Structure formats: structure tokens, C-alpha cells
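Step one of this worksheet: look at the structure below.
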Amino acid sequence: MTETNWMRHSVQLGIVGVRRTIRGLRRNPYRLRLLGISAICGVISFGGMGVLYALLLRTLDAPISIPGSVRLGVSALWVGAVWFFSQRTLLYWRRPKAEAFVLTTVSTRTAAVGMLFTEFFTACLFLVPPTVLLVGVVGYAFLSPVSLLLVPLAVGLFAASAIVVGYTLSFAYLFVAARSRGLANQQGQLIVQFVFLVVVGYLVATILADLPAIWEVTTFAWVPMSWLVDLAVLGTPVTASLGRALAGVTGGVLVIGSGSLVVERLARAYWLTDPGSTTHDGGETTPSSRSHDGGTLAAGISPLVIPEFVGRPTQRVAQMVLLRLRRAPRRLLFLVTIVISLGIYLGVIYVQLDEPLALVPVVCALLFPWFAGAAFGLNPLGDEGSVLPATLTSSISGRQFVRGLMVPGLLYGLPITVLCTFVGSIVGPYSLRVQAGFVVIGGLLTVVAVGLAPAVGMQFPRFSAVTIGRSGGVVPPSMTAIIVYSLVVGLLGCGTVFALLAPASIYEYIAGGVVSVGMMRFSSVVSGLGIGLVVARWSYRAAARQFRRYTLA
Amino acid sequence: MSVIQATDLTKRYGDTIALDELTLSIPAGVVYGYLGPNGAGKTTTMRILTTLTQPTSGTASINGTPITDRTTVTRQIGYLPESPPLYYNLTASEQLDLAAGLRDLPEEQATARIESLLDRLDLREDADTRISDYSKGMRQKTAFIQAILHEPAVVFLDEPTAGLDPRAARTLREMIVELADEGTTVFLSTHILPVVEEVADTVGVLYEGQLVAEGTPTELTHRAETGGNQTLEEAFLNLTSDESDSVEADEHD
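In order, the protein sequence lines correspond to chains U and Y. Note that my numbering has the first sequence beginning at 1, numbered continuously upward. Note that my numbering has the second sequence beginning at 554, numbered continuously upward.
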């Protein structure tokens with residue numbers, strides 16, 4: 001027997017879901033401010049560009065056709081959106097919120113479709129500003145009132161189809177993982193992510209670096225999701241195919257309809273799978289979660305070691321950080337997602353450079369330090385989960401706790417960064433002095449990142465539940481923490497690397513012949529690193545204070 | 554007629570047997586106290602009977618509907634798990650309004666019932682406060698209202714009085730008895746034995762996935778090995794100790 005009014009109930013769940021999201025945002029003023037700033041910056045920059053393009057397009061008399069690169073861009077964006085939503089499913093939406101209530105109140109179809117509505121409404125929340133901007137630009141450029149309807153329709157179909165496909169892939173994976181021990185454990189999940197990274201990397205390389213490709217850029221004219229471009233520009237002077245536009249709508253609706261059906265089936269099978277066979281956070285089965293590590297933290301992280309001289313409390317925190325990562329490497333998923341996005345972006349830059357190897361040491365000197373800090377200390381309070389009250393009331397001092405968070409990054413992240421940056425700078429077309437500069441920047445930026453991460457993570461923690469005591473499982477750092485941390489590390493790193501590589505003419509102009517260019521460059525790099533170290537020291541102290549004064553909500 | 558009927562319910566997690574051929578038959582309008590030590594299989598039983606988990610083998614029905622028919626079964630049950638299933642950034646009013654909406658309860662009737670239950674459980678004044686700001690007991694009471702809002706035929710309650718102050722706990726016990734008087738079957742799992750002793754008509758004791766004893770609280774205390782004026786707690790400890798296995802085995806011999 002089917003549930004009557006299931007669609008209405010699903011929409012109800014979606015509305016409640018998005019209302020909860022809005023309330024969550026309003027309760028987080030930092031994130032709200034960041035979103036506001038991003039929106040304003042985006043509107044100003046893209047709006048400005050859009051107006052310029054619109055003015056240009058208005059002056060054109062010749063018919064405009066949709067270039068292949070636009071289709072490629074839309075297709076790539078859609079794939080990226082699918083990836084993004086699949087990650088959200090794996091991280092936040094494996095099971096319905098308030099599961100026991102939802103699943104004993106409505107059918108699994110309602111619960112699954114309700115999740116999709118929640119995600120769609122939430123996406124709409126963030127898509128409104130760019131869509132309004134796009135409608136404005138298209139409308140202004142072509143004086144086309146029909147764009148008021150068709151552009152939002154195209155954006156809506158684009159988002160909804162990406163959500164549904166992302167959820168389908170995630171639930172298919174979860175369904176298989178729940179029945180396979182190899183995939184159920186977190187290492188298995190990380191391997192799947194890594195394989196995806198390699199595949200995406202290869203695809204990007206084939207497109208951008210003229211490697212033997214299985215398609216041409218024009219092939220993207222035949223990817224259904226790129227047909228939404230035809231839909232968006234219908235009624236404007238841009239030459240669009242009505243057939244493709246209609247097929248894009250039909251295809252989108254078909255993908256959404258059939259995908260929702262598959263999501264419902266897979267979600268039902270996954271939700272009603274034995275909860276004891278895999279843990280809710282995708283951990284290992286109960287029997288195999290038994291530790292064979294000898295019962296000590298030191299044995300648990302072997303062959304890695306944390307030296308005694310750091311002091312026992314600090315050593316224990318550091319060991320716990322490493323053990324947590326080893327037992328639940330899914331914590332690194334958020335980094336993998338960022339690395340994929342960044343990798344695609346860097347791939348584009350790489351193929352456009354005359355000396356592509358020049359990019360390698362820059363990436364090493366910036367990315368490895370960022371990773372070393374983000375991997376270990378970007379959500380220290382959330383990582384403690386339900387143990388946090390015990391940690392806060394233990395006799396460990398703030399400094400000991402923060403040092404414990406920093407030690408793994410310094411002990412393992414620092415040498416890896418230095419080594420990789422050294423190798424990267426050798427393959428690059430740089431002089432010995434610049435090579436040394438890269439190594440020093442990489443090393444010191446690691447210290448800065450490792451010192452900064454705990455402070456940012458404590459300022460913007462994320463727990464799996466409102467009440468800390470109920471927090472459990474793997475909790476990725478908050479988006480605010482990731483953005484703030486990345487901004488600070490990125491600005492300091494990019495600034496210092498720029499100081500190292502800036503053309504001599506800039507220094508000559510600034511120095512005005514008073515100081516030599518070499519001295520000017522040296523002092524700029526040292527100043528950049530000095531500022532970074534001051535920031536790191538201040539962050540370290542702030543984090544220690546924050547830990548000591550932290551009170552539970 | 555049995556409202557809850559389970560026959561040879563078995564649930565395995567890998568090599569572990571959580572439920573071992575459990576057979577239950579619970580008539581309408583009774584409070585069934587479900588006791589057992591940690592890990593005995595109480596929550597698994599509840600998850601199976603509420604359709605949240607599928608049994609490895611065996612069958613079960615609620616009010617004559619097999620648990621495989623989720624849609625029909627979920628209309629007839631209310632479930633309060635140990636951890637209250639609430640959206641913390643909604644207010645209690647909003648949460649209950651959502652629950653009523655999802656169950657298609659007529660609006661006026663739902664509003665009246667929500668208000669009366671909020672009054673009864675002293676939540677009226679805080680109904681427009683976010684659940685995240687509630688105490689554990691207030692959340693428990695909200696989740697209890699949510700479970701009985703639609704006047705289900707069967708209510709499954711997992712530790713419903715946990716975290717409640719004595720006054721609220723008493724109100725809840727009274728409400729459980731009232732529910733049963735009105736014909737609702739209450740399946741009550743708790744470790745607080747005096748609660749079971751006070752409200753339960755029948756008690757089932759689960760041990761290592763098997764129902765090792767069933768009867769009224771008085772019957773159970775009399776059936777305990779040492780006889781005399783036992784409490785339910787002593788009977789429970791007796792029934793769920795390893796020695797009871799050997800005693801039973803000796804009796805069979």
C-alpha cells in the first residue's frame with residue numbers, strides 16, 4: 001500500500017529542511033558574514049563582467065552561436081556539481097535527520113524525496129543571486145523578456161539533475177558498501193575517492209594538455225546537460241537549437257524522475273540494512289573493529305612515533321590525532337574534494353604556461369603546508385566529539401593540547417613538504433637561490449599553517465549535533481573554518497611566493513636605487529615569512545586560551 | 554486478538570545472534586514491559602517491529618498487518634527511541650506541527666491535541682522555544698507527544714522516563730496507563746524496574762536474544778528461584794544471570 005500525499009509530505013520535509021538550514025546560518029554570524037561578503041564580491045565582479053559583456057553583445061550585428069567551450073564549461077560544471085552533491089550525501093545525508101521519527105511517520109519514498117527537496121531548496125537559496133545576475137545580464141544584453149523564465153528554468157533543471165545524479169551515485173555506493181566489507185571500511189572509501197581523483201585528473205589532462213583523448217571538445221555539444229545552454233538563450237539573438245533545448249528539458253525531467261526513483265530504492269535498501277553490519281559513519285563492522293594494536297596509543301599509530309621529549313600530555317594528544325586519522329581516514333574526504341577542485345584549476349593554468357614545470361615548486365610550497373595544517377587540526381573540538389567534556393575537564397593545559405595538535409603536522413608534514421618542495425624546485429626552471437627560497441617558504445609556511453589551524457578550528461568548530469555531548473562519528477571542519485584558514489594560509493603563501501618571484505623591475509621601482517634588488521627581494525620574503533610566524537605564534541596562544549576558557553553550549 | 558504478533562523472529566549480525574527465534578503475542582490495551590540486560594536484543598526487537606530493521610528470519614505483524622507493509626504499519630505505531638528523534642533547530646510547536654502534517658491529521662484536531670498534550674506535560678510555555686535550548690527531559694517529553702500525537706494503536710517506548718524529573722516521570726507513567734486504558738498497546742522497554750512494576754500488565758524478559766520469562770509482574774516475582782517476597786528487580790537479576798541457564802538446564806534434565 002502506498003502513502004497518499006507523499007509528494008506533499010516530501011515538499012513539507014524539504015521546506016522544514018531548508019528552514020533548518022536558514023536557522024543554522026543565522027546562528028552562525030561568522031558564516032553569514034562570509035557568505036554575505038562572497039555574495040557582494042561575486043555580484044560586483046561577475047556583475048561588472050556581465051555588464052561589459054552585455055554592452056558588447058548589444059553592439060554585435062552578426063548572429064552569435066554557442067561556442068563549444070561554453071558547452072564544455074557547462075558540462076564540466078555539471079560534473080563538478082554532481083561530485084559536490086555526492087560528497088554532501090556521503091558526509092551529511094546518509095540517513096534522514098531524526099531518522100526514527102521520519103521513517104516511522106512517512107514512507108521511505110517520502111523520506112528520500114524529502115531529502116532531495118531539502119537539497120534542492122537549499123541549492124536554490126544559494127543560486128538565487130547568480131541566477132538573478134544571469135537573468136539581468138541576458139535580459140539586458142538581448143532585451144529578451146522570455147529569458148526571465150527560461151534562464152531560471154535552465155538553472156533549476158541543472159541543479160535538480162545534478163542533485164539527483166549525485167544522490168544516486170552516493171546511495172549506489174553506500175548500497176554496495178553496506179554489503180561489502182572491503183568498501184565498508186573507511187580506507188575503502190578513501191580509495192574510491194582517490195580513484196575518482198585519478199580519473200578526473202586524467203580527463204582534465206586529456207582535454208587540456210592534448211593527451212590522447214577519447215573525445216573532442218565538440219563532443220560536448222552532445223552531452224544532454226549542455227543543451228540547457230540552448231534553453232537559456234532561446235528567444236535571444238544567440239543561435240540556439242530548439243530541438244536541443246526541448247531535449248534538454250525532457251532529458252532533465254527524465255533524469256530527475258528516474259533518478260529519484262533509483263534514489264528511493266537504493267536509500268530504502270541502505271537505510272533498512274542491518275545497522276550492526278556497518279556503522280552509520282561507514283566504519284568497519286563490529287567484529288573487525290576490534291583493535292589488535294596492543295592496547296596502547298603508541299602501538300596504535302605504529303610505525304609512526306611521537307617522541308617522548310614533547311611531554312606526555314602533548315604526546316598523547318598527538319598520538320590520538322594520528323590514531324583518529326588512521327582509524328577514520330574519511331576525515332580527509334573534505335581535503336580530497338578541495339584538492340580535486342584545485343587540481344582541475346591548476347591543470348588549466350598548467351597547460352597555459354610556457355614553462356609548466358615552473359608551477360610545480362609553487363604548488364608544493366603552498367599546497368603541502370595547507371594540507372599539513374588542515375589534516376590534523378582544523379576541527380579539534382568537533383573531533384573530540386562526546387569526549388570533549390572529559391578532555392576539557394582533564395588536567396591538560398591549553399598549550400599542551402594545542403601543541404599536541406601541532407606535533408603531527410610538524411613531525412610528518414614539515415619534512416614531507418620540505419622534501420617535495422625541494423624536488424619540485426629542482427625540476428622547475430629556477431636558480432639555486434630561488435630553489436632555496438621555495439624550500440624555506442614551504443617549510444616555514446608549514447609551521448604557520450600548523451600553528452594557525454587549531455586556532456581557526458576552535459574559533460569555528462563543527463559538532464555533529466547541537467549538544468556537544470551527543471556528538472559522535474566523523475565530523476568535517478566547518479566551511480567557515482576551511483575558508484578562513486585557506487584565506488590566511490593562501491594570502492601569506494602567495495604573498496611570499498610573489499615576493500620571491502616578482503620581476504626585478506617592480507623592486508627597482510620600489511627601491512628607487514637606494515637598496516639593491518636582491519636585498520629588497522630577500523627582505524620582502526623574510527618580511528612575509530616573519531608576518532606568518534607572528535600570526536602562527538599569536539594563533540597558538542589564542543588557541544591555548546580558547547581551549548582553557550571553552551565552555552559547553 | 555494479538556495486536557503485536559511475532560513468530561520465530563531471528564536477527565543475526567554476522568556471527569552474532571541478536572534475536573533468537575523470538576515469539577511474542579501481545580493483546581490490545583496492555584502495557585507490555587520489555588526487560589533485558591544491555592545487549593539482550595531489546596532495541597533490535599523494537600527496530601524490527603517498527604519496520605526500521607528487517608529480521609533475518611521469522612515474521613511479525615502489527616494489528617494484523619505484516620511488518621513488510623511499512624506504510625500501513627507506520628500509520629498504526631508511534632515510536633519513541635532512546636535518543637529523541639527531533640530537529641533541534643525547530644521549536645516544539647513546529648516539530649509537532651510537522652509530525653501532524655506528515656501524518657495528515659486534520660488541522661484543528663491536531664492543534665487541539667498538541668495543545669492539550671503540551672499542557673499535560675508542562676511544555677506549553679516553552680513550546681515556542683527551540684528544541685536545542687531544551688533540557689533532556691523537555692526533549693523527551695516533546696518526543697513522547699510526537700509518538701502519541703496521532704493516537705496510534707501501538708506505541709513503542711524505549712526508556713521514556715530517562716532524564717525526566719520525578720514529577721514529569723510520574724505524569725508520563727500516568728499517561729502510559731491512560732493510553733492502555735483507552736485501548737492503545739504500549740510496548741515499554743526500560744531499565745527502571747519500578748516503572749515496569751507500576752505500569753506493566755505483562756512483562757517479558759529477554760536474555761541473549763531469547764524470551765526467558767513472560768507473565769505479570771507478580772507472576773514473575775513468584776516464579777523466581779528463591780521464592781518468597783521477591784521484588785521484580787530480584788526476579789530480573791535471577792532470570793538474567795548465567796546461573797539461571799544452568800538451573801533451567803538442570804530442570805530440563
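All C-beta atoms, glycine included, are put in the ideal place defined by N, C-alpha and C. Since we're looking at a predicted model, the values are computed, not measured.
Partners in chain Y for residue i, counting only beta-carbon separations shorter than 8 Å
i        : result
U/THR108 : ARG623
U/GLN12  : LEU651, GLY654 and LEU655
U/ASN5   : ASP657
U/GLU119 : The premise fails here: U/GLU119 is roughly 16 Å from chain Y at the closest Cβ pair, so nothing lies under 8 Å.
U/LEU32  : Here the premise fails: no neighbours, minimum Cβ distance about 15 Å.
Cβ neighbour criterion (16 or more within 10 Å) applied to residue i
i        : result
Y/SER742 : buried
U/MET49  : exposed
U/ILE510 : exposed
U/PHE460 : buried
U/VAL18  : buried
U/VAL113 : buried
U/ASN379 : buried
U/TRP370 : buried
U/PHE158 : buried
U/GLY530 : exposed
Y/GLY589 : buried
U/VAL450 : buried
U/ILE37  : exposed
Sheet register partners of residue i (DSSP bridge)
i        : result
Y/GLY768 : Y/VAL756
Y/LYS564 : Y/LEU572
Y/PHE740 : Y/TYR585 and Y/PHE709
Y/LEU633 : Y/LEU710
Y/ARG683 : Y/THR644
Residue closest to residue i, alpha-carbon to alpha-carbon, out of the options
i        : options                                   : result
U/VAL488 : U/ALA453, U/ILE506 and U/SER478           : U/ALA453
U/ALA232 : U/GLY398, U/ARG26 and U/PRO145            : U/PRO145
Y/GLN693 : Y/ASP561, Y/PRO608, Y/ALA721 and Y/VAL748 : Y/ALA721
Y/LEU785 : Y/THR755, Y/GLU660, Y/ALA571 and Y/GLU678 : Y/THR755
Y/GLU647 : Y/PRO634, Y/VAL583 and Y/ALA663           : Y/ALA663
U/GLY235 : U/ALA318, U/VAL135, U/LEU332 and U/TYR167 : U/VAL135
U/ALA247 : U/VAL229, U/VAL238 and U/ALA449           : U/VAL229
U/ALA358 : U/SER539, U/VAL339 and U/GLY424           : U/GLY424
U/LEU101 : Y/LYS595, Y/GLY716 and Y/THR603           : It is worth fixing the name first, because residue 101 of chain U is Phe in this sequence and not Leu. Residue Y/THR603 is the option with its Cα nearest to U/PHE101.
U/GLN12  : U/GLU119, U/SER69, U/ILE426 and U/ILE66   : U/GLU119
U/ASN28  : U/VAL317, U/THR480 and U/ARG94            : U/THR480
U/VAL137 : U/LEU445, U/PHE371 and U/LEU56            : U/LEU56
Y/SER578 : Y/GLU661, Y/THR771 and Y/MET554           : Y/MET554
U/TRP93  : U/VAL176, U/MET115, U/GLU508 and U/CYS420 : U/MET115
U/LEU254 : U/VAL70, U/ARG399 and U/VAL164            : U/VAL164
Y/THR769 : Y/THR612, Y/ALA593 and Y/VAL583           : Y/VAL583
Chain Y contact residues for residue i, given Cβ-Cβ distances below 9 Å
i        : result
U/ALA232 : Chain Y residues near U/ALA232: none, gap ~36 Å exceeds 9 Å.
Listed by chain order, chain Y residues near residue i by CB distance under 7 Å
i        : result
U/LEU103 : LEU605
U/THR2   : THR624
Within chain U, the residues that residue i reaches when beta carbons sit closer than 8 Å
i        : result
Y/ASN642 : ARG20, ARG23, GLY24, ARG27 and VAL466
Y/TYR587 : What Y/TYR587 touches in chain U: nothing, since even the nearest Cβ is about 17 Å away.
Y/THR627 : LEU103, THR104, THR105, VAL106 and SER107
Y/LEU773 : The contacting residues do not exist; Y/LEU773 stays about 29 Å from chain U at best.
Y/PRO638 : ALA98, GLU99, ALA100, PHE101 and VAL102
Y/PRO822 : The structure shown does not extend to residue 822 of chain Y, since chain Y is modelled only from 554 through 806, so no value can be given for it.
Y/PRO634 : ALA100
Proximity test, residue i beta-carbon vs the ligand SAH heavy atom, cut-off 6 Å
i       : result
U/GLY50 : The ligand SAH is not among the ligands present in this structure, which contains no ligands whatsoever.
Residues that residue i contacts on chain U, provided the C-beta gap is smaller than 7 Å
i        : result
Y/ILE630 : THR104
| task | Give, in chain order, every residue of the segment 645–659 of chain Y whose Cβ lies closer than 9 Å to some Cβ of chain U. | result | GLU647, GLN648, LEU651, ALA652, GLY654, LEU655, ARG656 and ASP657
| task | Output, in sequence order along the chain, the residues in the segment 693–713 of chain Y whose CB is closer than 7 Å to any CB in chain U. | result | GLN699
| query | Taking Cβ-Cβ distances below 8 Å as the criterion, which residues of the segment 123–152 of chain U are in contact with chain Y? | reply | none
| query | When you check each C-beta in the segment 14–25 of chain U against every C-beta of chain Y, which residues fall closer than 8 Å? | reply | VAL16, ARG19, ARG20, ARG23 and GLY24
| task | Could you please tell me which residues of the segment 384–403 of chain U, in chain order, have their CB closer than 9 Å to any CB of chain Y? | result | none
| task | Anything in the segment 77–102 of chain U with a Cβ closer than 7 Å to a Cβ of chain Y? List those residues in chain order, please. | result | LYS97, ALA98, GLU99, ALA100 and PHE101
| said: To be precise: take each residue of the segment 248–272 of chain U, compare its Cβ to all Cβ atoms of chain Y, and keep it if any distance is under 7 Å. Which residues remain? | reply: LEU272
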